[in-house]
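If you want it as structure tokens, here you go:
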């Protein structure tokens, strides 16, 4: 995509996405393109869709790992053991069914819980956190919210909530972030 196409792409992005396109979270136009494309489809979220988000998340750092699902072994993330590789496919199937089922009334809390659930499964060889943040933003976009920007200062709160396995605290952090960024006050 050349510069003119990228600029045109950025202009077409709805709901405040342009505001975030050149920020520290991810200045890559293709990231925003994929997120907006997935948002506009409005189709159910599928494993392939999540794999595509992972491909985008890791394509610069580890492109060969993009979209590859873990199939073997045990793994620790922080102090928590994630789903063993041989159970990832089953857990992802359950997760996708949950994602496309009845939604909680609070779309921000639902997006935060989806993020936490995906991180707990840890299905990919690389980029699970980045993929979970892309999914979080996809769900927020589909619910009519602007995407959230994960700034460096906020990461301490994010990491603390994830370390403590505290979905409620994490959902509150996401809510604070959405409200602050929507009002233009930052965070």
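Numbering (our numbering), first residue to last: 16 to 202. Cβ coordinates follow ideal geometry from the N, Cα and C atoms, glycine included.
Between the region 132-144 and the region 90-105 there are three or more C-beta pairs closer than 8 Å, enough to call the two in contact.
For residue 120, no alpha helix (DSSP H) run applies, since DSSP gives it neither H nor E. The residue among 60, 185 and 148 with its C-alpha nearest the C-alpha of residue 108 is 60. Short of 6 Å from the beta carbon of residue 172, and not among the five residues preceding or following it, lie these beta carbons of its own chain, in chain order: 188. CA-CA distance, residue 73 to residue 163, rounds to 19 Å. Contact between the region 143-150 and the region 128-135 is present, with at least three C-beta pairs closer than 8 Å. Distance between residue 89 and residue 99, taken at the CA atoms: about 5 Å.
For residue 120 and residue 126, the gap between their C-alpha atoms comes out near 11 Å. For residue 111, the closest alpha carbon among the candidates 66, 196 and 158 is that of 66. The Cβ-Cβ distance between residue 185 and residue 176 falls below 8 Å.
For residue 63, the enclosing alpha helix (DSSP H) has its first and last residue at 62-73.
Taking C-beta atoms as the reference points, residue 68 and residue 146 count as a pair closer than 8 Å.
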